[in-house]
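Engineer: Before we start, here is the structure in question, set down as structure tokens.
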Amino acid sequence: MKLALIGFGQAGGKVVDEFLAFDSRIDGGFVESAIAVNSATTDLQGLEHVSRENRVLIGQARVKGHGVGADNELGSQVAEEDIDEIQGAIDRISVHEIDAFLIVAGMGGGTGSGGAPVLAKHLRRIYTQPVYGLGILPGTDEGGIYTLNAARSFQTFVREVDNLLVFDNDVWRSAGESVESGYDRINEEIVERFGLLFAAGEVQAGDHVAESVVDSSEIINTLSNGISTIGYARETVDTGDGLLSSFTGGSGFDEGESVNRMTSLVRKATLGRLTLPCDVSSADRGLVVATGPPDHLNRKGVERGRQWLEDETASMEIRGGDFPIPDRREVGAIVLLSGVTDVPRVDQLQQVAIEAQETTEQVRASAQKDFETLMDTGGELDALF
Ligand code: GDP
Numbered sequence: 001m002k003l004a005l006i007g008f009g010q011a012g013g014k015v016v017d018e019f020l021a022f023d024s025r026i027d028g029g030f031v032e033s034a035i036a037v038n039s040a041t042t043d044l045q046g047l048e049h050v051s052r053e054n055r056v057l058i059g060q061a062r063v064k065g066h067g068v069g070a071d072n073e074l075g076s077q078v079a080e081e082d083i084d085e086i087q088g089a090i091d092r093i094s095v096h097e098i099d100a101f102l103i104v105a106g107m108g109g110g111t112g113s114g115g116a117p118v119l120a121k122h123l124r125r126i127y128t129q130p131v132y133g134l135g136i137l138p139g140t141d142e143g144g145i146y147t148l149n150a151a152r153s154f155q156t157f158v159r160e161v162d163n164l165l166v167f168d169n170d171v172w173r174s175a176g177e178s179v180e181s182g183y184d185r186i187n188e189e190i191v192e193r194f195g196l197l198f199a200a201g202e203v204q205a206g207d208h209v210a211e212s213v214v215d216s217s218e219i220i221n222t223l224s225n226g227i228s229t230i231g232y233a234r235e236t237v238d239t240g241d242g243l244l245s246s247f248t249g250g251s252g253f254d255e256g257e258s259v260n261r262m263t264s265l266v267r268k269a270t271l272g273r274l275t276l277p278c279d280v281s282s283a284d285r286g287l288v289v290a291t292g293p294p295d296h297l298n299r300k301g302v303e304r305g306r307q308w309l310e311d312e313t314a315s316m317e318i319r320g321g322d323f324p325i326p327d328r329r330e331v332g333a334i335v336l337l338s339g340v341t342d343v344p345r346v347d348q349l350q351q352v353a354i355e356a357q358e359t360t361e362q363v364r365a366s367a368q369k370d371f372e373t374l375m376d377t378g379g380e381l382d383a384l385f
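Laid out in structure tokens, this is it:
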């Protein structure tokens, strides 16, 4: 499906930059347009693939290109004040060509955390296309302010988008990795999952159309409301140009094997690491997408996987389809679970945020009192004026 991507803040901009690279690497064609919005000049300058005219600096009057720090209330305000600047960039998109908007932001910071929900609200008022969010949750070790920001932004962003797709940095960190190289790797994981899903709905007639190619309307129907998470599993396959095929005189390909492979890939994708861990049975809707070389995709495999997911979720709304990628040496399964409600990480985020909010208020009140006590001379010392 064709998307207008808008990266808000540093994380949002970097992930959108990576989406552009991924889209051209797989020749996906799902990015119709990509915009980056930020209150920090240096973050915009660091992008590689988003075109210069699509980099929008907001909040110049207030923060002079230096960013809003981790103040997401200020992030919301500058987004509201400069919404016309953002709209100016969106006006250059052929909006009638797109199937949806996708706003990407890190929830723990300031610009994206505060600004993304403001933009979502604005876009939904103006356009008929669905507006999706891709919200990135902070690691639990990032500290109270990031958790508090994320919890407040999450609450607001969910309300303002048609569906919030979530990625939790916390479950994707690796020990011993620097923050920078860690994010580079994590961003690749993000775009591979979400990129393959959206590219799946963009296969055109004539492009090796398989029996049951996923259509963009199936993605849109699966993303009708609530919160979503994605699972992904893949396996390397012999694509028919290796040694094995020259011995067998063909592709060396066995249908039964490929059905079994697809069924277990769907299970692995669902039961393995999700972008947002949750109790799978709480999903309201789902979509299974088989990716890989057309020869290795078959209807029976996807259908078995789809039925298995129906049993796991007790949902009647599990869709399934193919995304043929001719030059790939891997077969994969993407499982999109939507309308999930049993998500321990969100409960935990809210709990820690409530505690952080209470502690902040107490610290502020007692600091004020302590300061008054410190400055109190019992009226014996006169101020200058
Ligand atoms: P903003 O520029 O004020 O919106 O804030 P940032 O985007 O820099 O940071 C917000 C949060 O996003 C941080 O707390 C991190 O959890 C996360 N983050 C920052 N950079 C990246 C990145 O490159 N990739 C990912 N996955 N997360 C990031």
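So the sequence shown is numbered by full-length UniProt numbering: it starts at 1 and just counts up by one. Note that CB positions come from ideal geometry on N, CA and C, so glycine has one too.
(1) Taking DSSP as the reference, what is the three-state secondary structure of Glu66?
(2) Can you name, in chain order, every residue of its own chain whose Cβ lies under 6 Å from the Cβ of Ala269, other than the five neighbours on each side?
(3) For the beta strand (DSSP E) holding Leu119, just list the boundary residues, first then last.
(4) Return yes when the Cβ of Ala70 is within less than 9 Å of the Cβ of residue 388, no when it is not.
(5) Taking the beta carbon of Pro138 as the centre, do at least 16 other beta carbons fall within 10 Å, making it buried, or is it exposed?
(6) Beta carbon of Val37, beta carbon of Leu119: below 9 Å?
(7) Straight-line CA distance for Ala150 to Phe371?
(8) Please check the pair residue 408 and Leu44, which I expect to be a contact at CB under 8 Å, by giving their CB distance rounded to whole angstroms.
(9) Rounded to whole angstroms, how far is the Cβ of Ala5 from the Cβ of Phe19, which I believe are closer than 8 Å?
(10) When every heavy atom of the ligand GDP is checked, does at least one fall within less than 8 Å of the C-beta of Lys14?
(11) Residues in the same chain with beta-carbon distance under 6 Å from Ser33, minus the five sequence neighbours each way, listed in chain order, please.
(12) Between the stretch 254-267 and the stretch 355-367, do at least 3 Cβ pairs fall closer than 8 Å?
(13) Evaluate the contact criterion for the stretch 124-141 versus the stretch 162-173: three or more CB pairs, one atom per stretch, below 8 Å.
(14) Quick check: does the Cβ of Leu137 come within less than 8 Å of any heavy atom belonging to the ligand GDP?
(15) Taking the beta carbon of Phe247 as the centre, do at least 16 other beta carbons fall within 10 Å, making it buried, or is it exposed?
(16) Can you check whether the CB of Val346 is closer than 9 Å to the CB of Gly226?
(17) Out of Glu160, Gly379, Val15, Leu349, which one is the CA nearest neighbour of Cys147?
(18) Which residue comes first and which comes last in the alpha helix (DSSP H) that contains Thr373?
(19) Determine the contact status of Ser59 and Leu74, defining contact as a CB-CB distance below 9 Å.
(20) Under the three-state reduction of DSSP, which class applies to Leu243: helix, strand or coil?
(21) Looking only at its own chain, which residues have a Cβ that is under 6 Å from the Cβ of Ser216, when we skip the five neighbours before and after it?
(22) Closest to Pro344 by CA distance: which of Lys14, Asp170, Phe101, Ala79 is it?
(23) Classify Asn225 as helix, strand or coil using the three-state DSSP reduction.
(24) Closer than 8 Å: is that where the CB of Phe8 sits relative to any heavy atom of the ligand GDP?
(25) Ordered along the chain, which non-local residues of its own chain (more than five positions away) have a Cβ less than 6 Å from that of Val191?
(26) From the DSSP output, in three-state form, read off Glu380 for me.
(27) Does the beta carbon of Tyr183 fall short of 8 Å from some heavy atom of the ligand GDP?
Structural biologist: The short version:
(1) In the sequence shown, residue 66 corresponds to position 66, counting from 1. Just to set this straight, residue 66 is His in the shown sequence, not Glu. Three-state DSSP puts His66 in a strand.
(2) By one-based count along the sequence shown, residue 269 stands at place 269. Cβ neighbours of Ala269 beyond the five flanking positions: Gly231, Tyr232, Ala233, Ala333, Val335.
(3) Counted from its first residue, the sequence shown places residue 119 at position 119. Run containing Leu119: none in the beta strand (DSSP E); it sits in the alpha helix (DSSP H), 111-126.
(4) In the structure displayed, the chain extends from 1 to 385; residue 388 sits before or after that span and is not available.
(5) Taking the sequence shown and counting its residues from 1, one reaches residue 138 at position 138. Classification of Pro138: buried, given that the 10 Å Cβ count is 16 or more.
(6) Residue numbering aside, residue 37 sits at position 37 when the sequence shown is read from its first letter. Residue numbering aside, residue 119 sits at position 119 when the sequence shown is read from its first letter. Yes; because the gap between Cβ atoms is below 9 Å, this pair is in contact.
(7) One-based indexing of the sequence shown puts residue 150 at position 150. One-based indexing of the sequence shown puts residue 371 at position 371. Approximately 30 Å between the Cα atoms of the pair.
(8) Past the edges of the chain, shown from 1 to 385, lies residue 408, and the structure says nothing about it.
(9) Here residue 5 refers to the residue found at position 5 when the sequence shown is read from its first residue. Here residue 19 refers to the residue found at position 19 when the sequence shown is read from its first residue. Sequence inspection shows Leu at residue 5; the Ala mentioned does not correspond to that position. Their Cβ separation, rounded to whole angstroms, is 6 Å, which keeps Leu5 and Phe19 in contact under 8 Å.
(10) Translated into the one-based positions of the sequence shown, residue 14 becomes position 14. Yes, the ligand GDP has a heavy atom inside 8 Å of this Cβ.
(11) For this step, residue 33 is matched to residue 33 along the sequence shown. Around Ser33: Ala4, Ile93.
(12) no
(13) yes
(14) On the sequence shown, position 137 is the one that residue 137 refers to. Flag set: Cβ of Leu137 near the ligand GDP.
(15) As a first step, residue 247 is located in the sequence shown; it is residue number 247 there, counting from the start. For Phe247, the pLDDT reaches just 41, beneath the cut-off of 50, and the residue's location in the model is therefore unreliable, although a value from the coordinates is still provided. Answer is exposed; the Cβ neighbour count stays below 16.
(16) The sequence position of residue 226 within the sequence shown is 226, counting from 1. The sequence position of residue 346 within the sequence shown is 346, counting from 1. For Gly226 and Val346, no; Cβs fall outside 9 Å.
(17) Your numbering for residue 147 matches position 147 in the sequence shown. Residue identity differs from the one stated: residue 147 is Thr in this sequence, not Cys. For the residues Glu160, Gly379, Val15, Leu349, the minimum Cα distance to Thr147 belongs to Leu349.
(18) On the sequence shown, residue 373 is found 373 positions in, with the first residue counted as 1. Segment 344-375, the alpha helix (DSSP H) holding Thr373.
(19) On the sequence shown, residue 59 is found 59 positions in, with the first residue counted as 1. On the sequence shown, residue 74 is found 74 positions in, with the first residue counted as 1. Residue identity check: residue 59 is Gly in the sequence provided, not Ser. Contact flag set, yes.
(20) As a first step, residue 243 must be located in the sequence shown, where it is residue number 243. Its pLDDT being 44, under 50, Leu243 is placed unreliably by the model, and the measurement read from it follows with that caveat. Looking at Leu243 - three-state DSSP - the assignment turns out to be helix.
(21) One-based indexing of the sequence shown puts residue 216 at position 216. Contacts found: Met1, Asp99, Gly201.
(22) Here residue 344 corresponds to residue number 344 of the sequence shown, with the count starting at 1. Ranking the options by Cα distance to Pro344, first place goes to Asp170.
(23) By 1-based counting over the sequence shown, the position of residue 225 is 225. Looking at Asn225 - three-state DSSP - the assignment turns out to be coil, as it is neither helix nor strand.
(24) Locating residue 8 in the sequence shown gives position 8, counting from the first residue. Phe8: yes, Cβ under 8 Å from the ligand GDP.
(25) Stepping through the sequence shown from its first residue, residue 191 is reached at position 191. Correct list, in chain order: Glu18, Phe19, Phe22.
(26) Along the sequence shown, read from residue 1 onward, the residue named residue 380 stands at position 380. Note: Glu380 maps to coil in three-state DSSP.
(27) Along the sequence shown, read from residue 1 onward, the residue named residue 183 stands at position 183. It does: the Cβ of Tyr183 is within 8 Å (strictly closer) of some heavy atom of the ligand GDP.
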